[in-house]
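J.: I have a structure I would like to understand better, so I am pasting it below and will then ask my questions one at a time.
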Amino acid sequence: MFNFMTCAHPTCNTYICGEGPFCFRHSPNKDELYSSCIASLLGKDDVLDLSLTGGEFENLTIPKKGFISSNMAWCTFRNIDFSECTFITSFFDFCLFEGCRFNNITSRYSIFSGSKMIGCDFSGSTITHSNFVGIDTLYCNFGDCDLYYTNFGTSYLRDTDFIDCNLKKADFAHTNQRRVSFRYSNYSEAHH
Amino acid sequence: MRIYQHFSVVGFCNTYLIGSKKGSDAILIDPGHVDNELVHLIESNEFKLKHVLLTHRHMAHTAGLGTLAKIYNPTIYASGFASYEFPVKSISDHQVLSLCDLEIEVIHVPGHSLDSLVYKIDHALFTGDTLMCGRVGSTEGYREQALLLQSIWKRLMSLDENILLFPGHGTASKLRIERMFNHQLLELGAMAKERQNWRYDE
């Protein structure tokens, strides 16, 4: 798991980035931490135990790799291609994802809660036991996904498709939906 | 610290395997069901399973104890409010355990069951059936529900909101996420408060 030490800045409780003692936002070596993060995102190896919160990333194609026990909460991702990646126990809560591709990803025990997703494509993915509680979607596509035990509770869904998905034990309770399609999916087996 | 999550298809319970590093002594929380995948998780990390922590005595969380005892013979820790057919070390609220180079804080959160315990290890909270992603644990009646909500607000929600939440069922979360989006917690909290007011009015 990523380092649980919190930032040395007096009013900040965010987890440290790299060796610390500051989080990414308060670090004096922000550029160095950012470059090292980009290198690990674009490198061949899995991203393991990384913690970088509040970073902004644009126009990247991430090669097929795993994000394991990492924390990238409060980040902004624009036009990032995460296709074929694997996410295990990783935290992407309260992020902004704009025009990102998550085709054929595998996500297990990962957290995307509270994030805003605009024009994102998750089609063909296996997203099980994942947390999408309180997300805010616009023009997103979850077509042909296995969403077993994934929680979308309290989400605000607009122009979003869940076509031909497995929704067994998925949770859509208290969602606010407009122009959302569950065609060919087993919506009746989800909790809603 | 390494935290591995295992999903048991029997009882749909989450089991957590925790060790400080590969090859170290390890702790298991809530052995709902012991299958090949769980044994492989322990063995592939060369963990020496020494201790088992139970959040509460419900079958979905304890059914694998017998198999585990045969293979690894771990020390079992559970609340003193429940009795078990295995020798168990009784633990209670506010106790701090030092196991496998980890400090484990025991928090009593009754309501779902009288013996419900939450374990805090560093910035990770293992909540069993007390607080889960988007909901709170089931209860037997209004009084138990009020007790559970009160315990959650008093003992868990007062902690740092960046703390990670690993519940007994469902997906992992963070305290901040639950504070913002747990509909049941927010809705039932308001209802419980309202009921309290009715009682005062009387």
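Protein chains in written order, with this note's numbering: chain A, 191 to 382; chain B, 38 to 239. Even glycine gets a Cβ: it sits at the ideal position worked out from N, Cα and C. Keep in mind it's a predicted model, so treat the numbers as computed, not measured.
In the DSSP assignment, what are the bridge partners of Asn-249/A?
T.: Numbered from its first residue, the first sequence carries residue 249/A at position 59. Paired residues: none, contrary to the question.
J.: Taking a cut of 7 Å between CB atoms, which residues from the segment 207-230 of chain B lie near chain A?
T.: Cβ contacts with chain A: Gly-207, Thr-208, Ala-209, Ser-210, Lys-211, Ile-214, Met-217, Phe-218, His-220.
J.: Cβ closer than 7 Å: which chain A residues qualify as neighbours of Gln-42/B?
T.: Counted from its first residue, the second sequence places residue 42/B at position 5. Going along chain A in sequence order, the residues near Gln-42/B (Cβ under 7 Å) are Thr-279, Tyr-299.
J.: For Asn-356/A, which residues in the same chain have their Cβ closer than 8 Å to its Cβ, ignoring the five residues on either side in sequence?
T.: For the purposes of this step, residue 356/A is taken as the residue at position 166 of the first sequence. Hits under 8 Å: Cys-335, Asp-336, Leu-337, Tyr-338, Ser-375, Asn-376.
J.: Mind checking if Gly-171/B is an interface residue toward chain A, Cβ cutoff 7 Å exclusive?
T.: As a first step, residue 171/B is located in the second sequence; it is residue number 134 there, counting from the start. With 7 Å as the cut-off, Gly-171/B counts as an interface residue toward chain A.
J.: Taking 7 Å as the threshold (C-beta atoms), are His-93/B and Asp-152/B in contact?
T.: The count along the second sequence starts at 1 and reaches residue 152/B at position 115. The count along the second sequence starts at 1 and reaches residue 93/B at position 56. Closer than 7 Å, so yes.
J.: Check whether the segment 260-272 of chain A touches the segment 282-294 of chain A, taking contact to mean three or more Cβ pairs, one atom from each stretch, closer than 8 Å.
T.: yes
J.: Please say whether Phe-302/A and Phe-322/A have beta carbons closer to each other than 7 Å?
T.: Position 132 of the first sequence holds residue 322/A. Position 112 of the first sequence holds residue 302/A. In contact: Phe-322/A and Phe-302/A (Cβ atoms closer than 7 Å).
J.: Is it true that the segment 248-260 of chain A meets the segment 181-188 of chain B, where meeting means three or more beta-carbon pairs spaced less than 8 Å apart?
T.: no
J.: Taking Val-133/B as part of the beta strand (DSSP E), name the residues at either end of that continuous run.
T.: Indexing the second sequence from 1 puts residue 133/B at position 96. Going by DSSP, Val-133/B is part of the beta strand (DSSP E) stretching over 133-136.
J.: Residues in its own chain within less than 6 Å of Thr-350/A by CB, not counting five upstream and five downstream?
T.: By 1-based counting over the first sequence, the position of residue 350/A is 160. Same-chain partners within the cutoff: Thr-327, Cys-330, Val-370.
J.: Along the segment 328-350 of chain A, what residues have a CB closer than 8 Å to any CB found in chain B?
T.: Tyr-339, Thr-340, Asn-341, Gly-343, Thr-344
J.: Indicate whether Asn-341/A and Thr-208/B have their beta-carbon atoms separated by less than 7 Å.
T.: Counted from its first residue, the first sequence places residue 341/A at position 151. Counted from its first residue, the second sequence places residue 208/B at position 171. Contact: yes.
J.: Can the beta-carbon of Ile-128/B be found less than 7 Å from the beta-carbon of Val-146/B?
T.: To locate residue 128/B, count along the second sequence from 1; it is residue 91. To locate residue 146/B, count along the second sequence from 1; it is residue 109. Result no, Cβ atoms of Ile-128/B and Val-146/B do not sit closer than 7 Å.
J.: Does the CB of Asn-366/A have a neighbour CB from chain B at under 7 Å?
T.: In the first sequence, counting from the first residue as 1, residue 366/A sits at position 176. Closer than 7 Å: no.
J.: Does the distance from the C-beta atom of Gly-174/B to that of His-149/B stay below 7 Å?
T.: As a working mapping, residue 174/B is identified with position 137 in the second sequence. As a working mapping, residue 149/B is identified with position 112 in the second sequence. Cβ distance < 7 Å, so Gly-174/B and His-149/B count as in contact.
J.: Are His-98/B and Asp-67/B touching if we call contact CB-CB under 7 Å?
T.: Indexing the second sequence from 1 puts residue 98/B at position 61. Indexing the second sequence from 1 puts residue 67/B at position 30. Going by beta carbons, His-98/B and Asp-67/B fall inside the 7 Å limit.
J.: I want to verify the contact list: residues of chain A whose CB lies under 7 Å from the CB of His-160/B, in sequence order.
T.: Residue numbering aside, residue 160/B sits at position 123 when the second sequence is read from its first letter. In chain order: Phe-194.
J.: Since Phe-312/A and Gly-343/A should fall inside the 8 Å C-beta cutoff, what is the C-beta to C-beta distance between them, to a whole number of angstroms?
T.: Residue mapping note: residue 312/A aligns to position 122 of the first sequence, counting from 1. Residue mapping note: residue 343/A aligns to position 153 of the first sequence, counting from 1. Between Gly-343/A and Phe-312/A the Cβ distance is about 17 Å, and since that is not below 8 Å, they are no contact.
J.: Using C-beta distances below 8 Å, list every residue in its chain close to Phe-272/A, excluding the 5 sequence neighbours before and after it, in chain order.
T.: Residue mapping note: residue 272/A aligns to position 82 of the first sequence, counting from 1. If we look at Phe-272/A and ignore the five residues flanking it on each side, its Cβ neighbours are Ile-252, Cys-290, Arg-291, Phe-292, Ile-295.
J.: Threshold first: 3 residues or longer. Then list the beta strand (DSSP E) segments lying entirely within the segment 146-178 of chain B, N to C.
T.: 154-158, 161-165
J.: In chain A, which residues lie less than 7 Å from Asp-197/B when you measure between Cβ atoms?
T.: As a position in the second sequence, residue 197/B is number 160, starting the count at 1. Here the neighbours are Asn-203.
J.: Between Met-307/A and chain B, is the shortest Cβ-Cβ distance under 7 Å, so that the two count as touching?
T.: Residue mapping note: residue 307/A aligns to position 117 of the first sequence, counting from 1. Met-307/A does not count as touching chain B.
J.: So, at 7 Å on beta carbons, what are the nonlocal neighbours of His-364/A in its own chain, with the 5 sequence-adjacent residues on each side left out?
T.: The residue given as residue 364/A occupies position 174 in the first sequence. Same-chain partners within the cutoff: Gly-343, Thr-344.
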